[in-house]
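Visitor:
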Amino acid sequence: MNKKVIVITGSSSGIGETLANHFVDKGHTVYGLSRSRKEKGRFQHIATDVTNKENVLQSVQQIINEAGRIDVLINNAGVGMLGAIEDVTKEDFDKLINVNIYGVIYMMQAVLPLMRGQKSGHILNVSSIASNHGLPFRGYYSASKSAIDRITESVRLENQNTEIEITTVNFGDIKTPIAESRIQSTVSPFYKKSYEKLVQIIDEEVDQGLAPEKLIPIIERLMNKKNLKPHYNIGKGIQKFSVTLKRVIGQRMFERMLARYSKLE
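So this is what it looks like as structure tokens:
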């Protein structure tokens, strides 16, 4: 395997940290970008706030100065959000889109010119299977990931005559500490019972989700693959199948199934 220069955002824990440590053990040059670093990892860390465009440009320039190139960008930084559409504040929504949307955009804006110049590169934008569905109390999160899917499709077309490979990896539930950074809005009385039941279901799903280590061979394959598809759905059972199921049974029936599964009152 050719040794690569790999940049991973959101590397302080979970998926990002797991991938970063694996790839550096494989002999790649790995830069992990995150605002904080809980433990000393084996990869090179650059303190970066992906919601700050100038900070992103500075970090990418530092990598270019040190490594001379960037072969793979894994846009992994992201936050979760729970809350009814009616309850979520503008301030909380801004926090979500600043990380989940602008963070991805700023990183791509920083590396695309470099990758075109070196006539190679892979960009893997971490999205979610939830991007395909309007989920109760996760509507804003779903929308932020759907935006990443559409942005990725657009940038693929805009760079179709280059050697850059761009895709999204749409995960189902992964067993990570995502709940620790989840944005949660105040819940109004009307939604309280349904919301509390759903939070319990969501937390149980995360606890039973795929281990981050299971993603390593998938990401490894994609970052070495040519002619990437626009999207790759990765998850357990019904989560992965839900995209096809929705097409087959239609929106109305799918909503009824979601309502029952989510124990909505």
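Start counting the sequence shown at -13; every next residue gets the next number (my numbering). Glycine is no exception: its CB is placed at the ideal position from the N, C-alpha and C atoms. On a predicted model such as this, the values are computed, not experimentally measured, just so you know.
According to DSSP, is I60 helix, strand or coil?
Guide: Of the three classes helix, strand and coil, the one that applies to I60 here is strand, per DSSP.
Visitor: Within 10 Å of its beta-carbon, does D193 have 16 or more other beta-carbons around it, so buried, or fewer, so exposed?
Guide: Exposed is the call here.
Visitor: What are the uninterrupted segments assigned as beta strand (DSSP E) that are 3 or more residues long and contained completely in the segment 46 to 121, given in chain order?
Guide: Segments of the beta strand (DSSP E) lying fully in the segment 46 to 121: 58 to 61, 107 to 114.
Visitor: Using only alpha-carbon positions, find the residue among V90, K(-10), L231, I(-8) that is nearest to N61.
Guide: Comparing Cα positions, the closest option is V90.
Visitor: Is Y17 buried or exposed, if buried means 16 or more other CB atoms sit within 10 Å of its CB?
Guide: Buried, because 16 or more other Cβ atoms sit within 10 Å of the Cβ of Y17.
Visitor: Evaluate G66 with the Cβ neighbour count: other Cβ atoms within 10 Å of its Cβ, from every protein chain shown; 16 or more gives buried, anything less gives exposed.
Guide: The residue is buried, with at least 16 neighbouring Cβ atoms inside 10 Å.
Visitor: Give me, in chain order, the residues of the same chain whose beta-carbon lies closer than 7 Å to that of I204; leave out the 5 immediate sequence neighbours on both sides.
Guide: So the list reads I220, once near-sequence residues are dropped.
Visitor: By how many angstroms is the C-alpha of P175 removed from the C-alpha of G254?
Guide: Here the chain has residues from -13 to 251 only, and residue 254 is not among them.
Visitor: For F79, collect the residues of the same chain with a Cβ closer than 7 Å to its Cβ; drop the 5 residues on either side in sequence, then sort them by chain order.
Guide: Taken in chain order, the residues that qualify are Y126.
Visitor: Between the Cα of N156 and the Cα atoms of H8, S113, Q47, which residue gives the shortest distance?
Guide: Residue S113 is the option with its Cα nearest to N156.
Visitor: Could you check which residue in N111, K232, Y92 has the C-alpha nearest to that of E151?
Guide: It is N111.
Visitor: Are there 16 or more other CB atoms within 10 angstroms of the CB of K245, so buried, or fewer, so exposed?
Guide: Looking at the sequence shown, residue 245 is not Lys but Ala. A245 is exposed by the Cβ-count criterion.
Visitor: Mind reading off the beta-carbon distance from L184 to P122? Whole number of angstroms is fine, and I expect it under 8 Å.
Guide: Contact holds; Cβ gap of about 6 Å.
Visitor: Closest to K211 by C-alpha separation, out of D57, I134, K12, K81, would be which residue?
Guide: Ranking D57, I134, K12, K81 by Cα distance to K211 puts D57 first.
Visitor: Do G13 and K(-10) have their C-beta atoms closer together than 7 Å?
Guide: Their beta carbons are not under 7 Å apart, which means G13 does not touch K(-10) by this criterion.
Visitor: Have a look at I115 and E72 and give me their C-alpha separation to the nearest angstrom.
Guide: Their backbone Cα atoms lie some 23 Å apart in a straight line.
Visitor: Which value, in whole angstroms, describes the spacing of the CA atoms of F227 and M243?
Guide: Straight-line Cα distance between these residues: approximately 14 Å.
Visitor: Could you spell out the range, first to last residue, of the alpha helix (DSSP H) harbouring E182?
Guide: From DSSP, the alpha helix (DSSP H) with E182 extends over 178 to 193.
Visitor: What is the DSSP secondary structure of N147, reduced to helix, strand or coil?
Guide: Looking at N147 - three-state DSSP - the assignment turns out to be coil, as it is neither helix nor strand.
Visitor: So L59 and V97 are in contact, right, with Cβ under 8 Å, and what is the actual spacing, rounded?
Guide: The pair is a contact, with the Cβ atoms about 5 Å apart (cut-off 8 Å).
Visitor: Can you tell me the Cα-Cα spacing of E52 and I(-8), whole angstroms?
Guide: Roughly 13 Å separates the two Cα atoms.
Visitor: Taking only three categories from DSSP, how would you classify K34?
Guide: The question names Lys, yet the displayed sequence has Thr at residue 34. If DSSP states are grouped into helix, strand and coil, T34 belongs with coil.
Visitor: Just how far apart, CA to CA, sit S140 and H31?
Guide: For S140 and H31, the distance between alpha carbons rounds to 30 Å.
Visitor: Over the uninterrupted alpha helix (DSSP H) stretch that includes T230, give me the two end residues.
Guide: Per DSSP, T230 belongs to the alpha helix (DSSP H) from 223 to 235.
Visitor: DSSP three-state label for G13, please.
Guide: Correct three-state label for G13: coil.
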